[in-house]
Structure formats: structure tokens, C-alpha cells
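Chains A, B, C and D are the protein sequences, given in the same order. What the first sequence shows, in the numbering used here, is residues 1 to 381, in sequence order. What the second sequence shows, in the numbering used here, is residues 1001 to 1381, in sequence order. What the third sequence shows, in the numbering used here, is residues 2001 to 2381, in sequence order. What the fourth sequence shows, in the numbering used here, is residues 3001 to 3381, in sequence order. Single-structure report; data block below.
Number of protein chains: 4
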Amino acid sequence: MRWRTVLIAPLLVTGISFAGEAPRARDLGISFDGNPGPLNAITDVAGVTVGHSTLIEDLADGGAVRTGVTAVLPRGKETLMRPVFGGWFALNGNGEMTGTTWLDESGQLEGPVMITNTHSVGTVHQATIAWRIRQGEPDATGYWWALPVVAETWDGHLNDINGFHVKPEHVDAALDGATSGPVAEGNVGGGTGMVCYEFKGGIGTASRVVDVLGSSYTVGVLVQANYGLREQLRIAGVPVGKHLREHRVYSEPDPGADGTGSIIVVVATDAPLLPHQLERIARRAALGLGRNGSIASNGSGDIFVAFSTADDSLGRADQLLVHRSIPNDEISALFGATVEAVEEAIINALVAARDMTGDQGHNVKALPHDALIEVMKQYGR
Amino acid sequence: MRWRTVLIAPLLVTGISFAGEAPRARDLGISFDGNPGPLNAITDVAGVTVGHSTLIEDLADGGAVRTGVTAVLPRGKETLMRPVFGGWFALNGNGEMTGTTWLDESGQLEGPVMITNTHSVGTVHQATIAWRIRQGEPDATGYWWALPVVAETWDGHLNDINGFHVKPEHVDAALDGATSGPVAEGNVGGGTGMVCYEFKGGIGTASRVVDVLGSSYTVGVLVQANYGLREQLRIAGVPVGKHLREHRVYSEPDPGADGTGSIIVVVATDAPLLPHQLERIARRAALGLGRNGSIASNGSGDIFVAFSTADDSLGRADQLLVHRSIPNDEISALFGATVEAVEEAIINALVAARDMTGDQGHNVKALPHDALIEVMKQYGR
Amino acid sequence: MRWRTVLIAPLLVTGISFAGEAPRARDLGISFDGNPGPLNAITDVAGVTVGHSTLIEDLADGGAVRTGVTAVLPRGKETLMRPVFGGWFALNGNGEMTGTTWLDESGQLEGPVMITNTHSVGTVHQATIAWRIRQGEPDATGYWWALPVVAETWDGHLNDINGFHVKPEHVDAALDGATSGPVAEGNVGGGTGMVCYEFKGGIGTASRVVDVLGSSYTVGVLVQANYGLREQLRIAGVPVGKHLREHRVYSEPDPGADGTGSIIVVVATDAPLLPHQLERIARRAALGLGRNGSIASNGSGDIFVAFSTADDSLGRADQLLVHRSIPNDEISALFGATVEAVEEAIINALVAARDMTGDQGHNVKALPHDALIEVMKQYGR
Amino acid sequence: MRWRTVLIAPLLVTGISFAGEAPRARDLGISFDGNPGPLNAITDVAGVTVGHSTLIEDLADGGAVRTGVTAVLPRGKETLMRPVFGGWFALNGNGEMTGTTWLDESGQLEGPVMITNTHSVGTVHQATIAWRIRQGEPDATGYWWALPVVAETWDGHLNDINGFHVKPEHVDAALDGATSGPVAEGNVGGGTGMVCYEFKGGIGTASRVVDVLGSSYTVGVLVQANYGLREQLRIAGVPVGKHLREHRVYSEPDPGADGTGSIIVVVATDAPLLPHQLERIARRAALGLGRNGSIASNGSGDIFVAFSTADDSLGRADQLLVHRSIPNDEISALFGATVEAVEEAIINALVAARDMTGDQGHNVKALPHDALIEVMKQYGR
């Protein structure tokens, strides 16, 4: 029998159940710039919730399901009635993030950010609308009308991507199960089957706290990391990829070898920022990738979205809205925080991920922790 | 019984079967600038095929299905292996057109342009990938990897949009049934339940032929028209909407009255143009809307995509590609053709559409031909 | 002697001295949509000042100076210390508007909008910085650091453009002489030597007043109109250009005939709008051009900038800024106002302009008022 | 006497006369990824010429002139009649690069790229037009009509920027003196008074050679580097800025401390690329900055332009143009080359620059070579 029933319940790996199992980059002694928040996670931004649906299933014909859905809700379920300001940027647009045309135009993110595999965008799109309708009220405009934000990276090396295994119930589980608190990393949610620098990739997160004009603000980042060739990998400036050469996914790098990558970055903050400022924040994710050695290769959909939870006025149309914003001259601390958190979140994804065997027997090794520590030492870390 | 089976076969209204039934704007004596092609349709561009799946169904509970899918294939099914250059533009981004991030980045349109209702984007997205996979070959990069272009406008006034009635088989029917030749207009395909200037709207098409550097090129346009308030309507410069005041959809225009509109414009040409030039072409659709009185209101997703079938080299990665292009200094004739064809295609949609009663008993009247002719006469036409 | 001294003083034609001399489109009985403000000018937006330096001089060698500078100051001279929110859009970027990269990034317009001829951008750029420095204080960041916004259209048909006749003193005169009140139109300021639809063009202005959420807001527009071929001209929907065929500038329209046009549009409003909303406003200028028949030909630099004077918090960096904004769902009235005011401002430029003989004896006729009225009548106006 | 005559001739420092004097990063044993061309300079791209005008002058009142102009000509003087394809990107748009609106629209760079200080953009703009006119022929469109590309960074710490010391003759000297061959780095040309990571900055260059589809292509980069805070500096991944803490320019970093930076990057290549592909190349400069620790702070105008000399068909309007392009799937090697060359060019600017005392007695130290080598060793390099 080709299709075994996928058991949903155990597949919803929440941050809490997973936390503590996987080490993080700092646990290995790697140091990064800046001051992380208490969880060093996107959920350090108050109100943000994250849910994962993780689908791991072996099919009778040698195929394998290694995929999932990750949901990031800016204000938990309140997001639906109380949008947030947002902005986005594509460093290399070989990927999909639906809903960005309206995000650009309105300056608002009106629902969750969903992340899945490339060929499940449609299912997640429609299921997110259906889930939204089941909440029982039209959106803030008074219409039943949704333009969901659904992003993806390609997991076809480990996952039977053309089997369309993500179903509406998985989308619901990610949305309904989203919580604040620690966030599971590595082989979970949308990141389940991902590959990064030819090591096992997946979900990673990090955060930074900065002071601006006497107040403390948090920048939280979540990535679904699935890009890069081995030799490009730098960790905290160390050319790790030039040393850890074994178990490459593309033994003979060919022109299309980089064609299947991508990285989605979600940046959350509680700093009061206007839409054009959030677009600036989103753009900084590129510099975090730069620190880790990315060249944003042709095949990589490097798409970033940023939002701020600070604005309480959005979602009304019966009066002038009132906003606060950080003056441009004071915004650089938030830029730095974004770059730093992106840099660390990607490494966290690599450190948390585990070896995986998937579709067609493909096997991808995780970044070996001991060997990594060894290389870091050679470079004085 | 709430769900009656939708019979697919009779719902696939091809251009040929429908042609001749619906009059077109020129049949009413309205004149437009420029020289149309033989069909005055997007299919005047050789190779372009168009398919409609039209869903019309009354539900037992008073609900109604009035929706569909329209597929535009730049080279028919060959598009999958032989991409075309393309570009896009959002005049007002309150809508969705998936796949545009990659279109921007690659300069290429690698499959059909699909148009449906707002809440069926997901179904059409995934079904288009599935259809593509069934063609039996990976795309030109060697990967099974698709980022379909799916656009939408909102038909929730006449259609039970939250019933998600578009199914994969309707997508297949639109794609498989796409043909060259005359294109059905009005209440067909994705345009089935659309409303435009508070008259019944839908699909419209037109074309222009121009000479550039001694060669003849065709610009073909297809629109799914679903935008505008009555008083804004101008036809060939005549303020028709100020005279034909009856049967308005929004009897008391309120601030959100325009919130449900949108127009998708597809521009095809056989003129050799590079991606950045096609983006320029797409942008000209705004001027066609301007002629018809549009203000691109906040709620309108006015999103335009343009492609050229001239380039034969795309889809290969084993050698340098060779392209031809119209010099920028000679491109204005194509800009003019685009503006003119968009202007006429929208009016063709209005003229072809017929009265429709739909969901919740909502009724939308078509533009009354006799009254229109009367108004045109008053203004010396 | 080739260079006669240009007398500056009499060349500074202020709105007041000129008003009353030139008729406006409405004086000819042409009707437009919407409700104009008291002056039907950009200066209906409180605080906005406009200054023109007009250079008209015959040179001994048959050359002629027919050019100038127009300055639009969002808050008069206060603009320098109190920036305004702004946004911009290029419908066809065959032109220059400096300062837009920072406008995009910061969301702020930090000084005046200057408009001149193509080859005088440099002089105006530097002179605007020098003028700014002479005001005696650094800008709001505490630095002497300016990125002026200088736009242009090409007047080389009537003006000895390669003579670089605009000098710093002309820039100063436009800036220092800027006033509120009526705005001179036609052959003045930067518009002195301009040509539009092959009639004499130049400066035009118009405004609209709309109610949003119980408050009254003004949208004011100023254009420097220098684009278009005769047959494209529509006035209030009437195809005027197809009837008034005499005295064309390009007797044998050739491919490059449209290569020298352009239009700069400045949109001012007192409605509270954020930068991304002002970019939306700027984009609507395209629809006003569309109503008048523009195809945005290749040679036309159609560049638009919009700003709002409503925000009082900008220019500080020592505290959070507080902003108000119109909800997106209520913004469409301002879109409509923009389209309408742009449509009328261009026609005002044509109506106010007068016949001019300039460089190399080139002569350009103004739009003949009587003949225009005749054509309008034929079309029931 | 405040104004001493600036002697032009000795100030034109050509690459050849300067080469050999200043060491480069590789001379200090620093290693970078990839294979440089013979000169490791932008002039490794055949046809590209570079000219510097360097202005160093002490004024009687304690003021100092420390500024200049750098000209990059894609095809030497032939550029004027034979444009190149180009694209650009602003990572942070707090700066000016004129001419980009037309570059975006046309896809073509029709003249040199000029780089100077912020307040001399106007002089350089107009002088570049005047120089172009003196070449004796209109541009390829047949019109005397120029939209020069002039970029800037701010040198007001070392240079009397409000004295407007750059004059037309300096612009001419940079243009007329442009040569192929080695390129002077450090305190030369537009880079004369620049500061980078609080060390003396200025002009830097580097190149890479890559194979694509069996052919060898060169990517050359030139930067005018003037950005960054000390602690951000990474060299080849080593956190140099955390160790070399002396002689900071901003002893007490304040919020506006980063407000005066910027970097202009010019990327040249002989690889056949279309405009949209060159925009992709330009965007990769961000990743080179990321490697060096940049956060693209608010005050930094980080603006990048890329062009390709491969296309021979541009500049004609009498026939279809014929282009070649690298398929997208093969372009990543050029992306990597761009990232690598930008990374190295910035470090070359720092290594070549020398201590400078300038306006108001401000002194900026160069990166100390011995101390740098010491830090690199600590980190295993």
C-alpha cells in the first residue's frame, strides 16, 4: 500500500516538547555579536506565536514524506482582526511568497506567515483561507477576503514533493498549535526536509535586544534554511565549509546544483516602525546571509518578510489611525540586531538539524558538532 | 442536497462555440484607436491559447456557484519546455498574482497564466503544478519544480466564494481545452461572476497590429475585469457612467464599496522584447485603465503581466542564449498598441457580459446596449 | 555679443502678477470631475509655496534662451527643518529626478522640489544645496548634508539647452520668490520652453477637495508638461488631437519624434498619509495622464512625486515620532482627487501657454482656444 | 587669501603613476576566495577605463580640500556612442546616484559612471554633460540629451565640502585621463577624503575570473568606500574591528555617528548579461558588504551599479538588436565572483589608504598594516 495514513497528532511538534533536545550554536561555544533575548527566539517578541506541523512518513514504494508547515502569527490569532505593519524583500526571487503584492501596497500583514514546501503552497494557501473563515468573522474590512502570505523552499531531495502530502489538517494543526515560548528548530515544520550548505537544514531562530531612545526593543528572527553549497559556509567568520568536506549532497557540483535551495526569513519586532522602515529591516537579512557566505545563487529563493507588533491602531477604518515610529536616525541599532539575529538563526538551524534519510533513499548528514568545534578552534575561536 | 455535481464538459466554453453569440464593442458602433488583428483577440498572437472553465450551479440553500478558471498559455503546451520572456506591474496591489517574484528575477514566464477567484488561488496553484507534472517531463532546468502564475479577482457578490467550488478538474479542463482562435468573452472562465463599473463584467480581449522597423507585430490583451464604480466609467472618452445610473450594485456607495474590485490584464506580443521592456509594456495597461476612468481604488487588485513569444532560445542552459529586441527608440508603437488594446478589451468585457443572478439572489445587470448607443450619440459618436 | 545679460528681476514671474492674464481650462467651458479648491492650484494645500524663474532672452547668433526653474516648497522655507512624508513613481523613467533614492528609503522629502530643463539639473542641484547652506543651519540630522530633489524635462526645441543658461541666481530667485496664492501657468519657470502634444506646454496646476472620515482634505497638483504627440490628445474625453491638426511640431512623425517629451507631476496634500500611501498617490498620476491620451512613450520622462504636509513630527531624532494616517480603506477619495487634478492641471498648462518662437527660429503654437471650443461642441460638451 | 589656485595637472593621479606605491590586501598575506584577474582591478574587464582627479589643498583659514572625482568609462570614450547594458540596486538609499531612473527603464548605461562628494554632484553632473557635448556628436538617439550617472559619498569630515571645490576642469581631467591598466587606490579621486570603518577609506578595486559554459569571463569591481563603524569590521571573516580600537573617528559613538557614511560599488563584466541580470549582479554587492560586517546603517548610501561590455548591438535604432546572454541557470558563478570581488575591493581601499589630516584639523588614521597582520595571525590566518 502506497499511502499509509499520516498520524497528525504526534507530528505537531511544538516548541516546548522539542526544546532542550537539540543543542544550539551557542551551546557549542560559538559566539555571535549582540545581546539575545531570553529565549534567543522569534517568540521573544511578545505576542508572536509559532506552530509546526511535521510530516515524517515512509511510503511503501521507497518514497518518503519529509515535509511540513510552519506558521508564524504576529499576534497569535488576534492577527486576523488586528493587522501589523510589514514589509518584504527578495534578495533572489527564485521562490514564492504569496500575498506580497498586497503587503507592499497596504503596508500591512493581515494574517500569519506560513512556510511550507514549494509544491504545497496551494494547499496551504487555501487551507489558511478556510481556517480564517472558520474563525467566524470577516476580516477588518468587513469582507471575507483573504490574501494569505505563504512562502516555501524546495525539499524534493528528501521529500516526495510531487506527492502533495501536506493536507489542510496539517495547516490547521500548525495554526491551532502555535504557541509562544521556545521554538523547535532543525527538522521540524516547513523545515523538515530542508538542506543547507549541503548539511541537513531546516528551521532556526534567534533574537536580539537593543536600546533605542531609552527603550528596549526586541528583534526576533525565524528562518527556513535550505540554501548554499558546502564551500561557501562561514560560521562566525570561520570558513568552515572549506574544512568539513565530507558527505556533500552534490558530489560533483554541476551548474544546476544550487538550483534547489532557498531561504525564507521572518523578522519580528516590537519596535514601532512604519511599513517603509520594515522593508528596510527585511532587506538587512541579506547582510546576515552575507556573513554566512551566501552568494544568493540563481536557484535560491531568498525572500524575507518583516513585521512590527507595536502598532495598535491597524484594522480600523472609522477614524484616523495613530502610529509611532522610530526616527530614521535612530534605526541603525535595529538594523544591526536584524543582521546578527539572521546570522545566528541560520547557524542554529544547522546545529539543531539531524541526519535524515528520505525520498529515494537520499541521505543528508547534519553539521557534525565535534568536527565543527575542531575547526573553530583552528581559527582561534 | 447542497452539492450537485458540476458537469464539467458543458462548462468548458471554448472561444469557438461562444463566438458569434456575444456582440463586441465595435458591433455597437463604438470606435477605438489603432488597428486590431483579425480576431481582435489575444489569440491574434500566434501560438497563444486560451481556455475557460465556467462554473454555473445553483445550490440547494440559495447559494450559487458563479465562477471559473481561465488559462492563457503563451505557446500552448510548449510553454512548459520553452519559457517566454515576461514582466509584470501592479498598479494597485490589492490582489494576488503568484509567481511574480520569480518572473521579476528570471525575466521568464515558465508556464501558463491562470486566472480565477480570490479564494481559489490555492486550488489552481496546486492543480497547475499537478497538471504540469502529468505532462511527464521536468521543466527546462531538469527539476520538477514549479512556481505557477495564478491571478485572481473577487467574485463574492455573485459567487459562493467561500465554498471553494473550483476543483482540480476545472483547472485541467481550462488548460487542456485551451485553443487558439476566437476567445469567449463576458461571463466565462475566471470572469464568470465578475462585476465591472457596477455592470456585469468578466473576460474581454482585443488586439492591435503595428509596424516597427518594417515588420508587423501583434499585441494581444486579455482582461478579467471586475473593478470600478459606475460614475467613473468612460467609454471611448464619453462619460457613460454619469448617464446610465440604474441598477447600481452599490446603491449607497460607502467607503468600502470599491473594496471588492480588481482587474487582471494579460498582454501577449510576438514583438521581440527583453524582460525589462515587457515590464514597460505591462505598465502601459495602467493608461488603458485611465482612458476608461479607473482611479485604481484601494480595494482593486490591478495587476498586469506581459510576455513575448518571440524568443526561441529560452529554456536551454547548455549554451549562450541569443535574443533579438526592438530598440527602445522604436518601442513606443507597442506602448500605444497596448494602451489601445487594454482600453478596448475592458469595454468588450462589458459589452459581452450578460445579466446574472447569483449567490444570495444578488443580481447584476449587463451594460444595456441600446442605452449605451443612445449616450454615445449624445456625445457625437 | 553672444551673451546679453539676463535681467533676473523681471523674469521672476510670480503667480500673483500673472494670474488673471492667462485663461484656464474652465474659463473655456471645459468641465472636469470633482471639486477644486479656491485657487484650483497646488497652493490650495496650506503652506505650499511655488516660485518661478523664467528666462527669456534672444542671443545674438540666432540662439534663444527659453527656460527657467520652478520651485515647490512643501512648507515654504520651513521645509528645511521640518521634512514631509513623500513618495514617488516613474511611469516612464526617461528623465531625471534626483533625490529619489533617499526619498524611497527615508520616506521623507527634506527640501523643495525643483524643476528645470534636462541639462540644468546640475546647476540647480548645487545651487539648491548652496541656498540651503545659506539658510544658516544644518538640516534636521545636524549635518550639512543635502540630497536635493531636482527634476527636469527637455526644452531643446525652443531653448539653447546646451548653453546652460540657468545660473545659481535663477535658482535662488525661484526659491526666495516662492509664495502661496495663485500660481502662474504656461510659459513660466521650468515650463517656459516646453511643448505638449505638439502645442506649447509648460506649467499647469489644479486641486481637489474631498471629505474623508468627516474631514476635508485638499490634493493639489503642479505639472511641467512637455510630452505627447498631437493625435493622442484627449481633453475631457474628447479626441481633440484628431481634429486640431495644424502647426504640428513633428510634421513627419518619425520613430524618435516622441523622444524629447516628459512630464513632471508634483502632488501635494494635507491629508495625513504615510510614505507608502504617498507612493500610491504618486502612482495615480498615471491615470490622469491616461485620461488625456498619453501612452508614456519611450522618450518621455514621466516622473511623479507626492508629499503630505500633515505630519508635524518629522525632523526630530530625540523621541518617537507620532503620525496619523488615513486608513487604506478610506484612501480612494484621495486617489480620485489625484487623478482628476492631474487631468485638469495638464489641460490648464495647455490652455495657459502662448505661442513661442525660440532657438533656431523654432515656433510652437499654443492650443487655439476658439478651435478647441468648436471641437468640444461637436462632441456634445 | 582663502582660495589658492588648485593645480590640476599634478592632481590627476593616474593608476599607472600610483601603482606600486600602495600595498594591497594580498600583499599583507590576506587571502580571499576566487581567482582574480591579472591586475585584480576593474580594468581587467577589457575596455574599461578609470580616471581620478584628486584635490588636495590647504586653505588659508584652516579649511582643507580633500576631495575629487573618479570616472569609470565602460568602453572608454566609445561609451557615448555605444551604450552598455546596466542595472543598479540601493541596499540603503541614503545617497545619490543620478541617472538611475533611465538606467532602470532603458536597461542601458549611456555614459560614464562618475563618483564624487555629496555636494559636488551638481558640478559633476553638468560638467559631464558639457564634456559629452564637446565630443562633437549627439548621442545615439540623435539628440543632445544626457542623463549622466553621478554618485557620491560624503567627505565632510576631512574636506571643506560646502566650499564646492570640485570644478568642471577636474571632471574633464578625470574623464580625459581615464586609462586602462592598474587603478590607483586609497586617497585618490572621489575617494580622497573618505573614511571607512573609522579608518581612512577611499577607492579600492578587485576582480575575479570565472568559467561559464566553457568561456572565461571577468568581473571587475571598483568601490568608493566611506561607511561603517569600527567594531563592525571583519576582514576575511576575522573580527578585526573588535581588536584595533585606537584612533576611532567617533570616540563616543552617538546615534548619528553612522550618519555620514556610504559606499558606491561599480561592477563591470564582459559576460553577456541582460539588464535584469545585471540588476541581479548589482544586488550581490550587498553580500560582499555583509562579509565585511556592514549593517547598511541608516546614514549610509550603499548604492551599486553593474554593467556588461559584451553587447555590441546597443546604440542603434534602425534594426532589431541582437543580444547574447548567460542562461540564468549558469549565472551563479558570476554572482560568486561579484561577492568575492566586492569583499576584496573594500579591503584593498582600506589597505591602500594613508593617514590624512584635513578640514578643521580632523585626522583619520589608515588601517595599521602591522597590527592587522598580528590580529589575522591570532585567528589562524
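Every residue gets a Cβ at the ideal spot worked out from N, C-alpha and C, and that includes glycine.
**Request:** Name, going along the chain, the residues of the stretch 3319 to 3334 of chain D whose beta-carbon falls closer than 8 Å to a beta-carbon of chain B.
**Result:** Q3319, L3320, L3321, V3322, H3323, R3324, S3325, I3326, P3327, N3328, D3329, E3330
**Message:** Quick check: is the beta carbon of L434(A) nearer than 8 Å to any beta carbon in chain D?
**Reply:** Nothing about residue 434(A) can be read from this structure; chain A reaches only from 1 to 381.
**Request:** Pick helix, strand or coil for L1028(B), following the three-state DSSP scheme.
**Result:** helix
**Message:** With distance defined between alpha-carbon atoms, name the residue in G181(A), G261(A), G358(A) nearest to I56(A).
**Reply:** G358(A)
**8 Å contact criterion, which P1074(B) and L1109(B) should meet: CB distance rounded** = 6 Å
**Request:** Would you please verify whether the beta carbon of E137(A) is less than 8 Å from any beta carbon of chain C?
**Result:** no
**Message:** Can you tell me whether G3136(D) sits near the ligand FMN, meaning its C-beta is under 7 Å from at least one heavy atom of the ligand?
**Reply:** Looking for the ligand FMN in the displayed structure turns up nothing, as the structure carries no ligands at all.
**Asked** Under 8 Å between C-beta atoms, does E3110(D) make it to chain C?
**Response** no
**Request:** Whole angstroms is fine: what's the gap from L3278(D)'s alpha carbon to I3030(D)'s?
**Result:** 29 Å
**Request:** Find the nearest neighbour of A2337(C) within the set V2249(C), F2032(C), H2170(C), judged by alpha-carbon distance.
**Result:** F2032(C)
**Message:** Quick check on the burial criterion: 16 or more other C-beta atoms within 10 angstroms. Buried or exposed for I347(A)?
**Reply:** buried
**Prompt:** Taking any Cβ of chain C, which residues in the stretch 1287 to 1302 of chain B have a Cβ under 9 Å from it, in chain order?
**Reply:** L1287, G1288, L1289, G1290, R1291, N1292, G1293, S1294, I1295, A1296, S1297, N1298, G1299, S1300
**Item:** CA nearest to the CA of T1218(B), picked from I1295(B), A1022(B), D1044(B)
**Value:** D1044(B)
**Prompt:** K3200(D): buried (16+ other C-beta within 10 angstroms of its C-beta) or exposed?
**Reply:** buried
**Backbone secondary structure at V1171(B) - three-state DSSP** = helix
**Prompt:** So what's Q360(A) in DSSP terms, helix, strand or just coil?
**Reply:** helix
**Message:** Please state the DSSP three-state secondary structure of K3377(D).
**Reply:** helix
**Item:** Contact list for the stretch 3212 to 3244 of chain D against chain E, Cβ threshold 7 Å
**Value:** In the structure shown, chain E does not exist; the protein chains are A, B, C and D.
**Request:** Report buried or exposed for H3369(D), applying the criterion of at least 16 other Cβ atoms within 10 angstroms of its Cβ.
**Result:** exposed
**Request:** Could you tell me if E340(A) is buried or exposed, where buried requires 16 or more neighbouring beta carbons within 10 angstroms of its beta carbon?
**Result:** buried
**Request:** Sort A1206(B), V1212(B), L1028(B), V1322(B) by Cα distance to E1374(B) and report the nearest one.
**Result:** L1028(B)
**Asked** According to DSSP, what are the bridge partners of T205(A)?
**Response** L222(A)
**Backbone secondary structure at I1129(B) - three-state DSSP** = helix
**Prompt:** How big is the Cα-Cα spacing for V383(A) and D2270(C)?
**Reply:** Residue numbering for chain A in the displayed model covers 1 to 381; residue 383(A) lies beyond these limits and cannot be assessed.
**Asked** Is there at least one Cβ from chain C nearer than 8 Å to L1367(B)'s Cβ?
**Response** no
**Asked** Closer than 8 Å, CB to CB, is V339(A) near chain D or not?
**Response** yes
**Request:** Kindly identify the DSSP beta-bridge partner or partners of F3335(D).
**Result:** Answer by DSSP bridge pairing: none, since F3335(D) is not bridged.
**Message:** I'd like to know whether the C-beta atoms of T3205(D) and A3345(D) end up nearer to each other than 8 Å.
**Reply:** yes
**Message:** With a threshold of 8 Å between beta carbons, is R2953(D) in contact with chain A?
**Reply:** The structure shown has nothing for residue 2953(D), since chain D only spans 3001 to 3381.
**Contact with chain A by T1357(B), beta-carbon distance below 8 Å** = no
**Within chain B, the residues that Y2250(C) reaches when beta carbons sit closer than 8 Å** = Under the 8 Å cutoff, chain B gives no residues; its nearest Cβ is about 12 Å from Y2250(C).
**Prompt:** Under a CB-based cut-off of 8 Å, is Y3197(D) close to chain A?
**Reply:** no
**Message:** Determine, for A3060(D), whether the minimum Cβ-Cβ distance to residues of chain B falls below 8 Å.
**Reply:** no
**Message:** On a Cα-Cα basis, can you pick out the residue from G3361(D), A3371(D), L3334(D), S3332(D) that is closest to V3351(D)?
**Reply:** A3371(D)
**Request:** Note down, in chain order, all residues in the stretch 2073 to 2100 of chain C with a beta-carbon under 8 Å from any beta-carbon belonging to chain B.
**Result:** L2091, N2092
**Beta-bridge partners of M3081(D), as assigned by DSSP** = Paired residues: none, contrary to the question.
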